[in-house]
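A.B. asks:
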Amino acid sequence: MNFVIQAAYFVAAILFIVGLKQMSSPVGARRGILWAGAGMLVAVLVTFFSPDIHGVGNYLLMFLAIGIGGGLAWWSGKRVAMTDMPQMIALYNGMGGGAAAAIAAVELIRYEPMSADVQAIAVVGALIGTMAFSGSLIAFAKLQGLLKGTVRYPQQQMVNLAVFGITVLFGAIIALSGTDYAGILLFLFFALALAFGVLMTLPIGGADMPVVISLYNALTGLAVGFEGFVLGNPAMMIAGIVVGAAGSLLTQLMAKAMNRSIRNVLFSNFGGGSAG
Amino acid sequence: MIEGFVALYIFMLAAFTGYEVISKVPVILHTPLMSGSNFIHGIVLVGAMVALGHAHTGLEQLVGFVGVLLAAGNVVGGFIVTERMLDMFKASGKGGK
Numbered sequence: 078m079n080f081v082i083q084a085a086y087f088v089a090a091i092l093f094i095v096g097l098k099q100m101s102s103p104v105g106a107r108r109g110i111l112w113a114g115a116g117m118l119v120a121v122l123v124t125f126f127s128p129d130i131h132g133v134g135n136y137l138l139m140f141l142a143i144g145i146g147g148g149l150a151w152w153s154g155k156r157v158a159m160t161d162m163p164q165m166i167a168l169y170n171g172m173g174g175g176a177a178a179a180i181a182a183v184e185l186i187r188y189e190p191m192s193a194d195v196q197a198i199a200v201v202g203a204l205i206g207t208m209a210f211s212g213s214l215i216a217f218a219k220l221q222g223l224l225k226g227t228v229r230y231p232q233q234q235m236v237n238l239a240v241f242g243i244t245v246l247f248g249a250i251i252a253l254s255g256t257d258y259a260g261i262l263l264f265l266f267f268a269l270a271l272a273f274g275v276l277m278t279l280p281i282g283g284a285d286m287p288v289v290i291s292l293y294n295a296l297t298g299l300a301v302g303f304e305g306f307v308l309g310n311p312a313m314m315i316a317g318i319v320v321g322a323a324g325s326l327l328t329q330l331m332a333k334a335m336n337r338s339i340r341n342v343l344f345s346n347f348g349g350g351s352a353g
Numbered sequence: 071m072i073e074g075f076v077a078l079y080i081f082m083l084a085a086f087t088g089y090e091v092i093s094k095v096p097v098i099l100h101t102p103l104m105s106g107s108n109f110i111h112g113i114v115l116v117g118a119m120v121a122l123g124h125a126h127t128g129l130e131q132l133v134g135f136v137g138v139l140l141a142a143g144n145v146v147g148g149f150i151v152t153e154r155m156l157d158m159f160k161a162s163g164k165g166g167k
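Below you can see the structure in the form of structure tokens.
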């Protein structure tokens, strides 16, 4: 069975890359998403038979979660207006980031010894995934009109930098302390990472949101790739890193198409003087 | 388990692949491509299923459950939105010509 699973992941990785390639040209774009979709279906179906999954209760929870999450996404994706697509991408992307963070959280609260590099990658993936989660949700709220205007206050960049610094510090302590980290520290780490995603996105204006969503998309890809490494899952590693790289390039291309630099988008109120 | 330099090689080759594969995307496809790549990182569902699958305590199950729920949303929502967008793209392309 293990061979079948690994073979299916291999096929899925190929389908993802071919699908992405097709999606970047007008001729094959529609075919591309179908190929990628086939890869996803294969990968998810074989995972139900993974030897790592046990317990009837866990299987029930899994079906329930897939039913609820998938059902809600199906319903919302079908009825949303074409003009509201960007915020839906932000929402679904945020969910992916949150899922990557949840994987890291499960692995870290198990308190099972991991090798030092795996633990460090788990923490980095958790940080990136969590901030992509909360940041994407703010981007969604802004475009959806739930959150109006931009929030700016003096020394904002300094506050953000401080929050980020403390988050990284906590993360480093967790990564380096084997299984000795306190549960409360883990909680604070995730809470601060959530807060940072919010703080970073709040000052960015609605017109720049597509670029920001693309950036969070790339970050989620990266987080997924890292958690794939933690779980030893090559399909996640490859798909995640491919999206991370493609998303980074796409973010640059989008910013360029709008005559903006990424630095300008993210820190446009820095010093208040730079013209957008 | 994939470890050390093998993992590093996978990361490097995947990164170059991602960069090369979309390097010639026209502006009109930016948003659909963002949506499509958003769907592809929905593969996180596979990992979330494994994380929930080997959960022991209630807390692990809770976090794992949330993870699977979010990941399923990423996969299904990402696919539907991308498909709808590209559908429109094809229809309008035909209509214009």
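For the record, the sequence lines run as chains A and B. Remember, the working numbering sits 77 above the position in the first sequence when you count from 1. Remember, the working numbering sits 70 above the position in the second sequence when you count from 1. In this text, a Cβ means the ideal position worked out from N, Cα and C, and glycines have one as well.
1) Counting only runs that start and end within the segment 142 to 194 of chain A, where is the alpha helix (DSSP H) found for 4 or more residues in a row?
2) Strictly under 9 Å for the Cβ-Cβ distance: is tyrosine 258 of chain A near chain B by that measure?
3) How about phenylalanine 109 of chain B: is its C-beta nearer than 9 Å to some C-beta of chain A?
4) Taking proline 311 of chain A as the query, report the chain B residues whose CB atoms sit under 9 Å from its CB, ordered along the chain.
5) So alanine 209 of chain A packs on leucine 327 of chain A, CB below 8 Å; how close in whole Å?
6) In or out: alanine 239 of chain A buried (at least 16 other Cβ within 10 Å) or exposed?
7) Would the beta-carbon of glycine 309 of chain A fall within 9 Å of that of valine 320 of chain A?
8) Exposed or buried, valine 120 of chain B, counting other C-beta atoms within 10 Å across all chains shown (16 or more means buried)?
9) Would serine 102 of chain A count as contacting chain B if we go by Cβ distances under 9 Å?
10) Spell out a yes or no on whether the segment 116 to 125 of chain A and the segment 87 to 106 of chain A are touching, meaning 3 or more CB-CB pairs, one atom from each, closer than 8 Å.
11) Consider the Cβ of isoleucine 215 of chain A: report whether some Cβ of chain B lies at a distance smaller than 9 Å.
12) Between the segment 121 to 134 of chain A and chain B, which residues of the former have a C-beta closer than 7 Å to a C-beta of the latter?
13) State the Cα-Cα distance for the pair leucine 132 of chain B and alanine 150 of chain A, rounded to the nearest angstrom.
14) Classify isoleucine 281 of chain A as buried or exposed, calling it buried when 16 or more other Cβ atoms lie within 10 Å of its own Cβ.
15) Using a C-beta cutoff of 9 Å, does proline 355 of chain A count as contacting chain B?
16) Is it buried or exposed for glutamine 232 of chain A, if we count other Cβ within 10 angstroms and need 16 for buried?
17) Between which two residues does the alpha helix (DSSP H) holding lysine 98 of chain A run?
18) Please classify isoleucine 290 of chain A as buried or exposed, where buried requires at least 16 other C-beta atoms within 10 Å of its C-beta.
19) With respect to the alpha helix (DSSP H) encompassing alanine 300 of chain A, which residues constitute its N-terminal and C-terminal limits?
20) Measuring alpha carbon to alpha carbon, tell me which residue in B:Glu153, B:Phe81 and B:Leu103 is nearest glycine 114 of chain A.
21) One question on the structure: do glycine 248 of chain A and serine 213 of chain A come within less than 9 Å of each other, judged by their Cβ atoms?
22) In chain A, what lies closer than 8 Å to phenylalanine 170 of chain B by C-beta?
23) Under the three-state reduction of DSSP, which class applies to arginine 340 of chain A: helix, strand or coil?
C.D. replies: Taking the geometry as given:
1) 162 to 186
2) no
3) yes
4) Ile72 and Ile80
5) That pair is no contact at about 15 Å.
6) exposed
7) no
8) buried
9) yes
10) yes
11) no
12) Val121, Thr124, Ser127, Asp129, Ile130 and His131
13) 20 Å
14) buried
15) Nothing about residue 355 of chain A can be reported from this structure: the residues present for chain A run from 78 to 353 only.
16) exposed
17) 79 to 100
18) buried
19) 286 to 308
20) B:Glu153
21) no
22) Lying before the first or after the last residue shown, residue 170 of chain B is absent from chain B, which here runs from 71 to 167.
23) helix
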